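Protein chains: 2
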Amino acid sequence: MSRGQRPTLRDVARESGLSITQTSRALNGHEDVAAGTRERALEAAHRLGYVPNQEARRLRDPNVRSHSLGLVLVAGSQRFSDPFFGELLAAIVDEAASRGYELQLSTPLADEDPVASYERAIRAKRVDGFVLLRTALSDPRVDYLVEEGVPFVTFGEVPGPGRRLSVSEASDCIQPAVDHLVALGHRQIGCLTEPLEYVIAARRFESFKQALAHHGIEARADHIVPSGFREDSAVAAMGQLLASNDPPTALVAFNDLVAFGAMRAAAQHGIDVPHELSIVGFDDVYASRLSSPPLTTLRLGERAIGRELVTQLVAAIEDPDSATDVHLTPELVIRESTAVPPTR
Amino acid sequence: MSRGQRPTLRDVARESGLSITQTSRALNGHEDVAAGTRERALEAAHRLGYVPNQEARRLRDPNVRSHSLGLVLVAGSQRFSDPFFGELLAAIVDEAASRGYELQLSTPLADEDPVASYERAIRAKRVDGFVLLRTALSDPRVDYLVEEGVPFVTFGEVPGPGRRLSVSEASDCIQPAVDHLVALGHRQIGCLTEPLEYVIAARRFESFKQALAHHGIEARADHIVPSGFREDSAVAAMGQLLASNDPPTALVAFNDLVAFGAMRAAAQHGIDVPHELSIVGFDDVYASRLSSPPLTTLRLGERAIGRELVTQLVAAIEDPDSATDVHLTPELVIRESTAVPPTR
DNA sequence: ATGTGTGTCCGAAACGTTTCGGACATATGG
DNA sequence: CCATATGTCCGAAACGTTTCGGACACACAT
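Each protein sequence line maps, in turn, to chains W and B. This note's numbering applies: residue 106 is where the first sequence begins, and numbers increase by one. This note's numbering applies: residue 106 is where the second sequence begins, and numbers increase by one.
Shown next, in the form of structure tokens:
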């Protein structure tokens, strides 16, 4: 059975015997309305099940909030590949809901300008702000949003002029992994990067080099292996490293998928993990408990990231001065992919 | 630099020398406008970068589409736990984008009525329809949406009156798993269910029983183990089964996480998988390639499910008669968690 | 000449809300 | 008693769009 028309402010006014003006002011908590009058208005509104029409409200005042946050998935079919994203997304939705916001998910159409999705959302006033994932050091989306003056928060610090709110990892994020490996006795420590044009990979790489320096170990260029984000790219990248006559005894991968790729490549070369090669991942993805051997990895926690992302974004939207950059410190989860180095 | 006011229909009218009325009609492709006039209007609109104000449009005609689909996450912190969801979501967003829709993600607040989120979205006219995941045989959300006349599609068939559009598994979905096990020589085949009040679990259970019957095997009640959705609930559920003095030689789990739980429980009891116990999962989650042993599992494909869900929902929205129920047939991915049964 | 169509066009009203400017009482101070 | 302030209230306009009802010009038939 279909409902009748939904009640309008006019109905509430008639019901309460007030003018439309005064009803509106009463419901919106303005000052110049007598206590008893407000009471009557509220009571009538409640009795009728009145809920204000957002379209009309926003037509009148284009600045009212939509109470939704935008998140544009990155292009390419393998975008979400990272199991990490699923959990992160859930955390974001959760936190947003608890603050009264929803999440608008979209994705660029095939070979569309990356900022087009953002333009659409802004023009349509569908969102109050954006969460940006997988941001690059030089990212047109960031430039666009800064210029447009729309609130947004990035995961990873993006350099440049203008207000750029971010939630990022501490600058010594890789340190615990290197400390752990050094404590085991490793001195030949390599790394499997993600593409370094991305802010997060760049930070991890800096931290990796600093951590080595901190232990007086020099970073060897031939032990640094550029990789993509996914398992298969890591498998490919591992080829020459393992063929080298002076391979590292330990490897830090910038995400768990890449670590799995490294483990697979090692297996293909008949190299035992962890006894011939130790591997540390990053993210503590669900699968890292299940791999063989179970993966030692750095854990930031999807929930913590999601929570901070939303908390700061909502702060930026509702009270720009209260938003603040946040740095998260990863914790090392030690499993079985790391061990003492082989004696040579 | 901040833009000036965005152009309105009035501006386009002035620019093109037409009335507002005629401009509107020209832009909306009505009949009674001369070819040259339409030309002028379109040209002016384009020159000004005019884009119609949705609020105003919808204030005037409440029936215009919002072009977004709603998806409400299930409550509880472990909602998304299933890595399967991440991929499914990405597939849904992709397919929606290619049809010009976005996805509105929300989640119920703590101890809130499950339908409240749907009510909010409908009242606010934020979405044109819903995708329902993890639906139960008797689901208040379904009843609500049917009554309200809002288009929706469920994953799994929900019985009851009214139009209920669904994408579901074929009724013999479990058959390939059982066939495979029987071919290996198994006759004692058990199953680890998900809660049977959910439509998908119910269908899988029916199919499981039918598949056994098809091979002339009787379903033994003590080989049917009720489990939750997640690994830990499966570990717990496995206890008594493995302690029994006549355990099955093979087990079909209703999802991969549960299968992992079963593998873990087996390991704890010193039971070798696959040589003492074969295990088949469902979903082909990312991690199933990595577990030890790698999991033999039934695969529907998140992308296929997401694509069909969106395709049918959009059909239901835009042309109700063209929407149709869809049945998907899973395919068996054979890995190493299944083998011939032990000779006793 | 009058009437009937047909192809184009437009004014004005309407959607539901918020707010500007003022009105009307009553109280306060002189 | 008048002037001024204060506490409440309301009418009307405005946001940008669509559409109803009609108007106008012209062609064609009568």
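Backbone N, C-alpha and C define an ideal beta-carbon position, used for all residues, glycine too. Predicted, not measured: the structure shown is a model, and the values here were computed from it.
Of the listed residues the options, nearest to residue i (C-alpha basis)
{"i": "R381/B", "options": "S393/B, Y391/B, F387/B, M368/B", "result": "The residue asked about is misnamed: residue 381/B is Glu in this sequence, not Arg. Nearest of S393/B, Y391/B, F387/B, M368/B to E381/B, Cα basis: M368/B."}
{"i": "S211/B", "options": "P353/W, L208/W, F365/W", "result": "L208/W"}
{"i": "V283/W", "options": "R246/W, T443/W, F365/W", "result": "T443/W"}
{"i": "Y206/B", "options": "V385/B, V232/B, E148/B", "result": "V232/B"}
{"i": "Q293/B", "options": "L405/B, F313/B, R225/B, G265/B", "result": "F313/B"}
{"i": "E436/B", "options": "V415/B, F387/B, S427/B", "result": "F387/B"}
{"i": "D424/B", "options": "P256/B, V272/B, A215/B, F235/B", "result": "P256/B"}
{"i": "L242/B", "options": "S271/B, V304/B, R152/B", "result": "V304/B"}
{"i": "E323/W", "options": "D248/W, C296/W, A428/W", "result": "C296/W"}
{"i": "E299/B", "options": "A275/B, R404/B, E262/B, L362/B", "result": "L362/B"}
{"i": "N168/W", "options": "A342/W, L405/W, I227/W", "result": "I227/W"}
{"i": "I422/W", "options": "G234/W, S276/W, L289/W, V198/W", "result": "G234/W"}
Contacts of residue i in chain B (Cβ-Cβ under 9 Å)
{"i": "T443/W", "result": "The contacting residues do not exist; T443/W stays about 17 Å from chain B at best."}
Rounded C-alpha distance that separates residue i from residue j
{"i": "P353/W", "j": "S397/W", "result": "20 Å"}
{"i": "G394/W", "j": "P331/W", "result": "The displayed chain sequence assigns Arg, not Gly, to residue 394/W. The alpha-carbon atoms of R394/W and P331/W are separated by roughly 25 Å."}
{"i": "P188/B", "j": "A358/W", "result": "21 Å"}
{"i": "A370/W", "j": "G267/B", "result": "54 Å"}
{"i": "F260/B", "j": "A318/B", "result": "26 Å"}
{"i": "D218/B", "j": "S173/W", "result": "21 Å"}
{"i": "R163/B", "j": "Q159/W", "result": "10 Å"}
{"i": "D337/B", "j": "T401/W", "result": "21 Å"}
{"i": "D88/B", "j": "E413/B", "result": "A query on residue 88/B cannot be resolved here, the shown segment of chain B reaching from 106 to 449 and no further."}
{"i": "A195/W", "j": "V179/B", "result": "10 Å"}
{"i": "V385/B", "j": "L418/B", "result": "32 Å"}
{"i": "G265/W", "j": "V177/B", "result": "37 Å"}
{"i": "A223/B", "j": "A306/B", "result": "The sequence shown places Tyr at residue 223/B, rather than the Ala named in the question. Rounded to whole angstroms, Y223/B to A306/B spans 24 Å at the Cα level."}
{"i": "I410/B", "j": "A339/B", "result": "25 Å"}
{"i": "E202/B", "j": "G321/W", "result": "Note that residue 202/B is Ala in the sequence shown here, rather than Glu. Those two C-alpha atoms are separated by around 51 Å."}
{"i": "Y155/B", "j": "T113/B", "result": "7 Å"}
{"i": "S182/W", "j": "R408/B", "result": "The predicted position of S182/W is uncertain, since its pLDDT is 46 and thus under 50; a value taken from the coordinates is nonetheless stated next. The alpha-carbon atoms of S182/W and R408/B are separated by roughly 10 Å."}
{"i": "H291/W", "j": "H285/W", "result": "9 Å"}
{"i": "V445/W", "j": "L270/W", "result": "41 Å"}
{"i": "N360/W", "j": "R119/B", "result": "57 Å"}
{"i": "V390/W", "j": "L250/W", "result": "31 Å"}
{"i": "T416/B", "j": "P213/B", "result": "26 Å"}
{"i": "L132/B", "j": "V117/B", "result": "10 Å"}
{"i": "S349/B", "j": "A326/B", "result": "13 Å"}
{"i": "L153/B", "j": "A229/W", "result": "17 Å"}
{"i": "F185/W", "j": "V272/B", "result": "A caution first: F185/W carries a pLDDT of 48, below 50, which makes its placement in the model unreliable, though a value can still be read off. Taking the straight line joining both Cα atoms gives about 22 Å."}
{"i": "L433/B", "j": "I439/B", "result": "19 Å"}
{"i": "V263/B", "j": "D277/W", "result": "52 Å"}
Listed by chain order, chain B residues near residue i by CB distance under 8 Å
{"i": "R163/W", "result": "E160"}
Partners in chain B for residue i, counting only beta-carbon separations shorter than 7 Å
{"i": "F190/W", "result": "G191"}
{"i": "Y391/W", "result": "P188, A392"}
{"i": "A202/W", "result": "S211, T212, L214"}
{"i": "V156/W", "result": "R228"}
Which of helix, strand or coil DSSP assigns to residue i
{"i": "S383/W", "result": "strand"}
{"i": "R440/B", "result": "coil"}
{"i": "H319/W", "result": "helix"}
{"i": "R404/W", "result": "strand"}
{"i": "Q159/B", "result": "helix"}
{"i": "Y303/W", "result": "strand"}
{"i": "V220/B", "result": "coil"}
{"i": "S273/B", "result": "strand"}
{"i": "H328/W", "result": "helix"}
{"i": "E517/B", "result": "The requested residue 517/B is not part of the displayed model; chain B covers only 106 to 449."}
{"i": "H432/W", "result": "strand"}
{"i": "A215/W", "result": "coil"}
{"i": "F257/W", "result": "strand"}
{"i": "D166/W", "result": "coil"}
{"i": "A118/B", "result": "helix"}
{"i": "A241/B", "result": "strand"}
Contact set between residue i and chain W, taken where Cβ atoms lie within less than 7 Å
{"i": "E207/B", "result": "Q209, L210, S211"}
{"i": "F365/B", "result": "L395"}
{"i": "D199/B", "result": "T212"}
Near the ligand MN: residue i beta-carbon under 6 Å from a heavy atom
{"i": "D327/B", "result": "This structure lacks the ligand MN; in fact it carries no ligand of any kind."}
Residues bridged to residue i (per DSSP)
{"i": "A355/W", "result": "I294/W, S383/W"}
{"i": "L176/B", "result": "L210/B, V236/B"}
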